[in-house]
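One structure is given below, encoded as structure tokens.
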Amino acid sequence: MSNPYLPIPVVVDEIITEVDTKDIKTFRLSFLNREDEANFRYLPGQFAELSLFGKGESPIGIASSPTQPGHLEFTVQKAGIVTSALHELEVGAKMGVRGPLGNSWPLTYLEGKQVVIVGGGFAFTTLRSLINYMLYEENRQRFGRIIVVYGARTPGLLLYKKELAAWAERDDIDLYVTVDRGDADWQGRVGFVPAVCKDIAPAVENTVAVICGPPIMVRLTKPVFFDLGYTTENIFTSLEMRMKCGIGKCGRCNVGSKYICKDGPVFSFAEIDQLSYEF
Amino acid sequence: MEKRLIKKDLLPGLIGGLAAEAAVYGPAQEGDYVIFRALRPGEEPLVEFANTRNAPKQFLFPPREELMRYTRLDGDLTLADRQEQVQETVLFGVRPCDARSFVLMDMVFDQEKYGDPYYIERRQKTTIITLACVHPPSAACFCAAVEGSPTSPEGADIMLTDLGEVYLAEFLTAKGERWLPRFGDLPAADAAALARQKDIALQNSWEGRTLKPTREIKPILDRIFDHPFWDTIHSKCLQCGTCTYLCPTCHCFDISDETKGNDGVRIRNWDSCMYPLFTLATSGHNPRPTQKERWRQRVMHKFKFFVDNFGNLACVGCGRCVKHCPVNIDIRKVISDIAAL
């Protein structure tokens, strides 16, 4: 019987510091065994437990897309015991990954529709996975227009800056990047994410929205979409909660009759209403 | 199904026979309490007792359990299996409520998508010998209110019913029947014995008792998440965790690493949703910040969420939490108060 508690051995190939505060890094990992790589089949939205023996595990959304084989990427903020130890790692370090866990963004439901993606701060990681998945040549025509609103507090805190620049050059994605506060070099938009959403006012016909960000941003963005006619059924988000086993057994992430690790982390707002989840 | 009779004076010898092939655990007197523990060689288990202080769940789901070992040396990481070799085990003298708890735990640990190999291995190697309750229930018992019964065979591999001078032994599962040869030549149960068993079951049935079926509060729980009722039950609670510790169906756990030098072990140990740190995130946010939310979680999980997910109440009515709560919070009163909302 396979053991879902056993991490898969991986090695750190590359570490990219994403932000000017240096506390968010993207780790590019590759599998030590070819077989593990072939078996690790994931979809955007899923997460994995990053396992540092001696410290513990941390559930982190997968930031790479399955259309980018050969490696996994995780963007991790330094926050506690495990993530601090992770931030101390150097290229070549060995660690473990348990996954893929959880459910994915509702790709089948998104097919044939216009997709509005709204991300804030460092919650953008699995949204980036979703965007790269949809933009992939063989996938692109499965989805309609893609509108992305991504905001950070300052320009230095934007993740994936190179990728944002590349997406801005494309004509098959409408990208709106914004910051709460600009700096001397910032030429782009300045404004809170909910306000930018209100300006763009993406039409609701045949559209699904995906919103992921800090609780305050989500709370203020929801009404903007409701005013546009969106319902709780066509807005999705990804929830977070303290986790341990990641497979719905230890009880820690239990909310209502669901486990965020096993039944989520992706939920529609209609599903969340039934959970009595408190942000 | 094999039904045999065991003369009472033969029982200790039979258990000795089991001990030749398995680790046998059973009820034993320890000071003021009856404890479910490993039987010493030649030791006879108690057969006259209400229930053990500890739930036998710990033999399928230990309070501390190694998951795997690891070594970190020179930038390299190697993993190894845990050291423990799970033995063939017999749990003797399990009460029907506790036997039923294993069936409920199976629903959590043995799922199609994710199976817990540690629990499953112990489960497969453990034979449950249940001792039906033939005496009146103790003050805290309420199994019948939560869809159990003092003579329920649910979860048992072999069920013993005390008929007076003999035990009726029913070999309920293939696993139970495998032990039949070990029991020697036992006479088959006759009609009189079976009739006596029926009488006992009737005598001990809970018809006419005052506790209403707990399932009836499920539709109320469906609508009272934000009800002020939850403000009323938690203030006495000390967050000691005794209820979750002794409960046969509580199964929340923590996973942590313990390292010494280059070597370490990843373990899991019991945890409790009643503790403040259980859901505390690194950010400092805690979705269950006070005992009010935590008590609501306990009640909702056992009597609503588990029903939503598995169709069953996650309480077997053993009464341990009622007996041992240091501030006398009685879950039966909580249930009947909810029923009145």
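The listed protein sequences correspond, in order, to chains A and B.
Count the first sequence with the numbering used here and you get residues 1 to 279, in order.
Count the second sequence with the numbering used here and you get residues 1001 to 1341, in order.
The beta-carbon is built from N, C-alpha and C at its ideal position, and this holds for glycine as well.
- Between residue 79 (chain A) and residue 60 (chain A), the C-beta spacing is not below 8 angstroms.
- Collapsing the DSSP output to three states places residue 1155 (chain B) in coil.
- Taking C-alpha positions only, residue 1222 (chain B) is separated from residue 1134 (chain B) by approximately 36 angstroms.
- For residue 197 (chain A), the enclosing alpha helix (DSSP H) starts and ends at 193-200.
- Residue 212 (chain A) is outside the set of residues whose beta carbon lies under 8 angstroms from a beta carbon in chain B.
- Within chain B, the C-beta atoms nearer than 9 angstroms to that of residue 247 (chain A) come from 1111, 1113, 1114, 1116, in chain order.
- The Cβ neighbour count for residue 1212 (chain B), taken over all protein chains shown within 10 Å, is under 16; the residue is labelled exposed.
- The alpha-carbon of residue 1027 (chain B) is positioned some 10 angstroms away from that of residue 1095 (chain B).
- Taking a beta-carbon distance threshold of 8 angstroms, residue 1014 (chain B) does not count as an interface residue toward chain A.
- Residues of chain A with a Cβ closer than 9 angstroms to the Cβ of residue 1120 (chain B) are, in chain order, 1.
- Interface with chain A (8 angstroms Cβ-Cβ cutoff): residue 1308 (chain B) is included.
- In terms of Cα proximity to residue 1328 (chain B), the closest of B:1242, B:1159, B:1169, B:1079 is B:1242.
- Leaving aside the five residues that flank residue 196 (chain A) on each side, the residues in its chain whose CB is nearer than 8 angstroms to its CB run, in chain order, 149, 151, 176, 178, 189.
- Straight through space, the alpha carbons of residue 1260 (chain B) and residue 1130 (chain B) are spaced by roughly 42 angstroms.
- Counting the other Cβ atoms within 10 Å of the Cβ of residue 1203 (chain B) gives fewer than 16, which makes it exposed.
- Among the CB atoms of chain B, one or more fall inside 8 angstroms of the CB of residue 257 (chain A).
- Closest in alpha carbon position to residue 38 (chain A), among A:57, A:70, A:11, A:273, is A:70.
- Per DSSP, residue 125 (chain A) lies in no beta strand (DSSP E) segment; the continuous alpha helix (DSSP H) that holds it begins and ends at 125-135.
- Excluding its 5 nearest sequence neighbours in each direction, residue 167 (chain A) has C-beta neighbours in its own chain below 6 angstroms: 173, 175, listed in chain order.
- When the five nearest sequence neighbours on each side are left out, the beta carbons in the same chain lying within less than 7 angstroms of the beta carbon of residue 268 (chain A) are those of 232, 233, 235, 236, in order along the chain.
- Residue-level contact check: residue 99 (chain A) does not touch chain B, since none of the beta carbons of chain B fall below 8 angstroms from its beta carbon.
- Bridge pairing for residue 147 (chain A): A:116, A:174 [DSSP].
- Residue 1269 (chain B) is classed as exposed because its beta carbon has fewer than 16 other beta carbons within 10 Å across all chains shown.
- The residue from B:1072, B:1071, B:1159, B:1066 with its alpha-carbon nearest to that of residue 1083 (chain B) is B:1066.
- Here residue 1106 (chain B) carries a helix assignment [DSSP, helix/strand/coil].
- For residue 241 (chain A), the chain B residues whose Cβ falls inside 8 angstroms of its Cβ are 1279, 1281, 1287, in order along the chain.
- C-alpha of residue 1166 (chain B) to C-alpha of residue 1079 (chain B): approximately 52 angstroms in a straight line.
- Flagged as an interface residue toward chain A: residue 1251 (chain B), by a C-beta distance shorter than 8 angstroms.
- Taken in chain order, the unbroken stretches of beta strand (DSSP E) that lie wholly in the stretch 1038-1126 of chain B and span 3 residues or more are 1064-1073, 1076-1081, 1089-1094.
- For residue 5 (chain A), the chain B residues whose Cβ falls inside 9 angstroms of its Cβ are 1067, 1068, 1116, 1117, 1118, 1255, 1266, 1268, in order along the chain.
- Secondary structure of residue 1306 (chain B) (DSSP, three-state): helix.
- With contacts defined as CB atoms closer than 8 angstroms, residue 1304 (chain B) and residue 1218 (chain B) qualify as a contacting pair.
- If you check the CB distance, residue 97 (chain A) and residue 10 (chain A) come in under 8 angstroms.
- Restricting attention to A:226, A:133, A:273, A:144, the CA atom closest to the CA of residue 64 (chain A) is found in A:133.
- Under the Cβ criterion of 8 angstroms, residue 261 (chain A) is not counted among the residues facing chain B.
- Rounded to the nearest whole angstrom, the CA to CA distance from residue 1195 (chain B) to residue 1097 (chain B) is 23 angstroms.
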